[in-house]
Amino acid sequence: MDDLYRELIIEHYKNPYHKGTLEPHDISFEDENPLCGDHIRIDLRVDNKGIIKEVAFDGHGCAISQSSADLLLDSIIGKSVEEVKKMDKQTVLDLLGIELGPVRLKCALLPLKILKAGVYGLGEATDDLVEGG
Amino acid sequence: MPELSSAHFNVEKIRADFPILKRETKPGIPLIYFDSAATSQKPDVVINAMDEYYRNYNANIHRGVHTLAEEATAHYEDSRTAVARFIHANNANELVFTRNTTESINLIAYTWARANLKKGDLVVLTEMEHHSNLVPWQMLAVEKEIRLEFIPVTEIGELDLQVFNKLLEQEPKLVSFTHISNVLGTINPVKQMTFDAHKAGAMVLVDGAQSVPHIPIDVVDLGVDFYAFSAHKMVGPTGIGALWAKKEILKEMPPFLGGGDMIKRVYLRSFTSNDIPHKFEAGTPAIAEAIGFGAAVDYLSSIGMDKINKHEQEVTQYAMEKLSSIKKINILGPGPAKRGGVIAFTLDGIHPHDVAQILDLDGIAVRAGHHCAMPLHDRYGIPASTRASFYLYNTVGEVDQLVLSLEKVKKVFGE
């Protein structure tokens, strides 16, 4: 079977560590990929030093977008908000450990786009938030 | 396994006409193309007809008197005649070349509807429309303050005609709906609905994008006022489509885009419109594509639309039977007896994008997403679906491979 559906991805899709919502939260943002209707909301709790303490995501989507969200959130616990701002496309590809074509890349990058729009306090999640790398 | 190449329809011979069907998606993996509802593949005769234009008689049409211009004009207009004849129009002048079905519908919204609809007028659409038959009317509703109502879709994927008849009591000015749903495969009763709409005083526009490629169409017999379709879904090229309308209606309609070819006489501050259908074809059109469109309908006619439809029905019924046996599959739309060659489905617990991606590993091209029908997916409470669609070149052997590969998808996800 193709790398795209390696065990790590299926595992995080079927049994995500961080699925759910946080109430109350310090940062929350949600958006969707209009091409496929994938929808993700990300909630964070951040301490007064700007360190991410708790994470959660909710929504629905394909195995790539959902496992990307779970792996991404898992990787930012204990990191600072400033560090999250520096993350880009390559961060996500390294976490997933796969190569992606242009269409599925959008699925993989949706969670990071939403996360960064949240930490920057922006009104919308745009593609330029995840370019580079 | 019964291979469907009976005397009347030799699918292997047809497949040989489509060069792309010889390719492999990856070494050793032949292409299985189940995405014809998005766009069909093209036979050599269509590709060659366009190639021939560019190689031998490339020229602009309708103006020049030189040999090439005359040949190009003749081929362009011959294509119009062929396409008009294909849908049994009475007159080639009733056939306007557009870019595609979307542009044909927009043309009606911009010309006929702008001239004839006023604030408070009602346009009736349906819940199963492609975005191309929703958004132009939403835009017009904002501009002209017209009202929109929708014929609901029942659980099994048919239009609720009782509600339709109730809506007709409100005397709509236009009823616009799809002939065959691009998601559900539902074949709507166009003739009956048109009869009822006319009785209530409404005009009727039908989106034929999914019907003209697959079933014999007679626009006069259907009785509709406007019929829109695209070449690229019926073995023709992209970039060209058609709008058919009755001559009397086209003559009364204001022009669409302004520019060359759509005029008779231009003054500094005014113009007079050309005759139909040229009045609606401003600027240099897609000449090669129009010629390819003509070659496409000639090709389909040479095989016979009845035979193409019968073959598709056999493949679709076989696929419905086989797919239904898969556990945790949910097939959208009506039973096999009442549908076109489109099967959209969901697999419990597996996103359609993942289904399509894993099928692609086996060379199977299907579509995943909302298929430009988001409100219809909302109606069924699903974000997306996977769609397999069939055409004259598909075989039951390919359907068997689809079923095997879907079992593989389920295994990957441990379902």
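Residue numbers (numbering that gives the first Met the number 0), protein chains in the order written: chain A, 0 to 132; chain B, 0 to 414. In this text, a Cβ means the ideal position worked out from N, Cα and C, and glycines have one as well.
Under the 8 Å Cβ criterion, the region 289–302 of chain B counts as touching the region 66–84 of chain B, having at least three qualifying pairs.
Residues of the region 376–387 of chain B with a Cβ closer than 7 Å to any Cβ of chain A, in chain order: Pro382, Ala383. Listed by position along chain B, the residues whose Cβ is nearer than 8 Å to that of Tyr16 (chain A) form an empty set, because the closest Cβ is around 18 Å away.
For a cut-off of 8 Å, the C-beta gap from Met319 (chain B) to Pro333 (chain B) is around 10 Å, too long to register as a contact.
Against chain A, the CB of Gln356 (chain B) has a partner CB under 8 Å away; the residue lies at that interface. The region 346–366 of chain B and the region 383–398 of chain B touch, with no fewer than 3 CB-CB distances between them shorter than 8 Å. Counted as a single uninterrupted DSSP element, the beta strand (DSSP E) harbouring Ala227 (chain B) occupies residues 225–229. Inside the region 113–199 of chain B, DSSP marks whole alpha helix (DSSP H) runs of 4 or more residues at positions 134–143, 160–167, 189–198, from first to last along the chain. Close CB contacts of Ile63 (chain A) within its chain, under the 8 Å cut and outside five residues either way in sequence, are with Leu3, Ile8, Leu95, Leu99, Arg103, Cys106, Ala107 (chain order). The DSSP-derived three-state label of Tyr32 (chain B) is strand. Setting aside the 5 residues that flank it on each side, Lys198 (chain B) has no residue in the same chain whose C-beta is closer than 7 Å to its C-beta.
The contact set of His130 (chain B) on chain A, defined by CB atoms closer than 9 Å, is empty, because the minimum CB distance reaches about 11 Å. Judged by DSSP secondary structure, Val44 (chain B) falls within the alpha helix (DSSP H) whose first and last residues are 43–55. Within the region 177–199 of chain B, not one residue has a Cβ closer than 8 Å to any Cβ of chain A. Taking 8 Å as the cut-off, the beta carbon of Glu148 (chain B) is found closer than this to the beta carbon of Val123 (chain B).
Under the rule that a run must span 4 or more residues, the alpha helix (DSSP H) segments found entirely inside the region 233–310 of chain B read 246–251, 286–302. In chain order, Cys35, Cys61, Cys106 make up the part of chain A whose C-beta sits under 7 Å from the C-beta of His352 (chain B).
Around Glu406 (chain B), the same chain offers Ile325 as residues with beta carbons nearer than 8 Å, after the five sequence neighbours per side are excluded. In the structure shown, Leu121 (chain A) adopts coil according to DSSP, grouped into three states. For His74 (chain B), the nearest beta carbon of chain A is not closer than 8 Å to its own beta carbon. For Gln191 (chain B), the number of other beta carbons within 10 angstroms of its own is below 16, and it is reported as exposed.
Measuring C-alpha to C-alpha distances from Ile307 (chain B) to each of B:Thr394, B:Phe279, B:Val223 identifies B:Thr394 as the nearest. About 5 Å separates the CB atoms of Pro110 (chain A) and Ser67 (chain A); that is less than 8 Å, so the two are in contact. Per DSSP, reduced to three states, the secondary structure at Met373 (chain B) is helical. Close to Leu3 (chain A), with beta-carbon spacing below 7 Å, are these residues of chain B in chain order: Gln356. Less than 8 Å separates the beta-carbon of Gly207 (chain B) from that of Ile216 (chain B). In this structure, the CA atom of Lys52 (chain A) is about 15 Å from the CA atom of Asp69 (chain A).
Taking C-beta atoms as the reference points, Val203 (chain B) and Trp243 (chain B) fail to come closer than 8 Å. Only Arg103 from the region 94–105 of chain A bring a Cβ to less than 8 Å from some Cβ of chain B. Taking a Cβ-Cβ threshold of 8 Å, the residues of chain A close to Gly368 (chain B) are Leu34, Cys35, Gly36, in chain order. The C-beta separation of Ser35 (chain B) from Phe389 (chain B) comes to about 7 Å, placing the pair in contact by the 8 Å criterion. Note on Pro101 (chain A): under 16 other CB atoms within 10 angstroms of its CB, so exposed under the neighbour-count rule. The region 274–286 of chain B and the region 252–261 of chain B touch, with no fewer than 3 CB-CB distances between them shorter than 8 Å. Ranked by Cα distance from Asp224 (chain B), the first of B:Val45, B:Pro276, B:Glu93, B:Asn105 is B:Glu93.
Within the same chain, Pro333 come within 7 Å of Ile155 (chain B) by CB-CB distance, once the 5 residues on both sides are set aside.
Under the DSSP assignment, Arg366 (chain B) falls in the beta strand (DSSP E) whose first and last residues are 366–368.
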